[in-house]
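Single-structure report; data block below.
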Amino acid sequence: MLDFALKISVALFAIAIVLNLYRVAVGPSLPDRILALDTMYVNSIALIVLFGIWLGHRTYFEAALLIAMLGFVSTVAVCKYLLRGDIIE
Amino acid sequence: MIALYTLMEGVIAFFLIAGSIFALIGSLGLARMKDFYMRLHGPSKISTLGVGCVLLASIAYFSLLNGGPSLQELLITIFLFITAPVSAHLLSKSALHQKLPRDPRTRGNPEELQEDDDETTLEEAPQGSSKLP
Numbered sequence: 006m007l008d009f010a011l012k013i014s015v016a017l018f019a020i021a022i023v024l025n026l027y028r029v030a031v032g033p034s035l036p037d038r039i040l041a042l043d044t045m046y047v048n049s050i051a052l053i054v055l056f057g058i059w060l061g062h063r064t065y066f067e068a069a070l071l072i073a074m075l076g077f078v079s080t081v082a083v084c085k086y087l088l089r090g091d092i093i094e
Numbered sequence: 004m005i006a007l008y009t010l011m012e013g014v015i016a017f018f019l020i021a022g023s024i025f026a027l028i029g030s031l032g033l034a035r036m037k038d039f040y041m042r043l044h045g046p047s048k049i050s051t052l053g054v055g056c057v058l059l060a061s062i063a064y065f066s067l068l069n070g071g072p073s074l075q076e077l078l079i080t081i082f083l084f085i086t087a088p089v090s091a092h093l094l095s096k097s098a099l100h101q102k103l104p105r106d107p108r109t110r111g112n113p114e115e116l117q118e119d120d121d122e123t124t125l126e127e128a129p130q131g132s133s134k135l136p
């Protein structure tokens, strides 16, 4: 049962990432693309955690934590650039 | 003991399916809604409910596998719960700063999007007079 649920949830997260990729490509404005990238890194955290469950290994947890921190910092940096025209004033 | 394992397997499978369905719904909203201010709703569902459920499933799975509590995934959960509102707030501020167009069904009338009438009439008046011969 767990294998089946893992496969289904990996497929659903892959579809979610493809939808986010569509918004990155089409999105009419710049904040749309930043929002789609923000959603994509959150989805990829879930995919990495699912991969760790699949392999039964704890190694991939650190990768997920790194992606969470760097994704947040990059989103804040790009938003500050859009707001102020500069990141560190 | 075998009954416990079967029960925990069912719980983990439920959390996995629930989290992935929430993530799919959020991404569908991000892809299909009309303007930016509506689209901002979807990712909050993903980052709280979707990834939260998947991380709960991971906590349950590794606790069962190692025979003891392993709460390291709570770090990611807490971090996402703290940072998701901050990034949504910054994104909405940058969208208001760029004066993105909105659907007429989007409610609210923030002062960043209000067009002040005095400036437009002042700008239009010299152009109208310059077009006269």
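Line order of the protein sequences matches chains A and B.
Read in the working numbering, the first sequence has 36 at position 31, and its numbers run on one by one without any break.
Read in the working numbering, the second sequence has 84 at position 81, and its numbers run on one by one without any break.
Backbone N, C-alpha and C fix where the C-beta goes; we use that ideal spot for every residue, glycine too.
Residue i to residue j span [Cα, whole Å]
i        : j       : result
A:Asp8   : A:Leu26 : 27 Å
A:Ile72  : B:Ala16 : 25 Å
B:Lys96  : A:Leu88 : 8 Å
B:Leu42  : B:Ala34 : A quick correction: the sequence has Arg, not Leu, at residue 42 of chain B. Rounded to whole angstroms, B:Arg42 to B:Ala34 spans 8 Å at the Cα level.
B:Asp121 : A:Val78 : Caution applies to B:Asp121, whose pLDDT of 49 falls short of 50 and renders its modelled position unreliable; the value that the coordinates give is listed next. For B:Asp121 and A:Val78, the distance between alpha carbons rounds to 40 Å.
B:Ile81  : B:Leu74 : 11 Å
A:Glu94  : A:Lys85 : 10 Å
A:His62  : B:Val57 : 16 Å
B:Ser61  : A:Ile58 : 7 Å
B:Ala91  : B:Met4  : 45 Å
Nearest-angstrom Cβ-Cβ length linking residue i and residue j, presumed shorter than 8 Å
i        : j       : result
B:Val54  : B:Gly22 : 7 Å
B:Gln101 : A:Pro33 : With 8 Å as the limit, B:Gln101 and A:Pro33 do not qualify as a contact, their Cβ atoms being about 11 Å apart.
B:Leu59  : B:Phe18 : 5 Å
A:Ile50  : A:Ala69 : 5 Å
B:Leu67  : B:Met11 : 5 Å
CB of residue i within 8 Å of CB of residue j, strictly
i        : j        : result
A:Leu47  : A:Arg38  : In the sequence as presented, Leu is not what sits at residue 47 of chain A; that position holds Val. Their beta carbons are not under 8 Å apart, which means A:Val47 does not touch A:Arg38 by this criterion.
A:Phe56  : B:Ala26  : no
A:Ile53  : B:Ile20  : no
B:Glu118 : A:Phe66  : no
B:Leu103 : B:Phe39  : yes
B:Leu93  : A:Val81  : yes
B:Lys37  : B:Asp106 : yes
A:Thr44  : B:Pro46  : yes
A:Met74  : B:Gly13  : no
Chain-ordered chain B contacts of residue i [CB-CB under 8 Å]
i       : result
A:Asp37 : Phe39, Arg42
A:Ser14 : Leu19, Ile20, Gly22, Ser23, Val57
Proximal residues of chain B, C-beta to C-beta of residue i below 9 Å
i       : result
A:Ile93 : By Cβ distance, chain B contributes nothing, its closest Cβ being about 15 Å from A:Ile93, past 9 Å.
Cβ-based burial, residue i [other Cβ within 10 Å; buried from 16]
i       : result
B:Ala6  : exposed
B:Pro88 : exposed
A:Val31 : exposed
A:Leu60 : exposed
A:Ala16 : exposed
A:Leu24 : buried
B:Ile85 : exposed
B:Gly71 : exposed
A:Gly76 : buried
Residue i: contacting residues in chain B (beta-carbon distance under 7 Å)
i       : result
A:Val29 : Result: empty, since nearest Cβ-Cβ is about 10 Å, beyond 7 Å.
A:Thr64 : Going along chain B, no residue has its Cβ under 7 Å from A:Thr64, so there is no contact; the nearest lies around 12 Å.
A:Ser49 : In chain order: nothing, as chain B lies at least about 10 Å away.
Interface residues of chain A facing residue i [CB-CB closer than 9 Å]
i      : result
B:Ala6 : Near B:Ala6 there are no residues of chain A at all, since even the closest Cβ is about 14 Å away, more than 9 Å.
Interface partners of residue i on chain A, CB under 7 Å
i        : result
B:Gln117 : The contacting residues do not exist; B:Gln117 stays about 19 Å from chain A at best.
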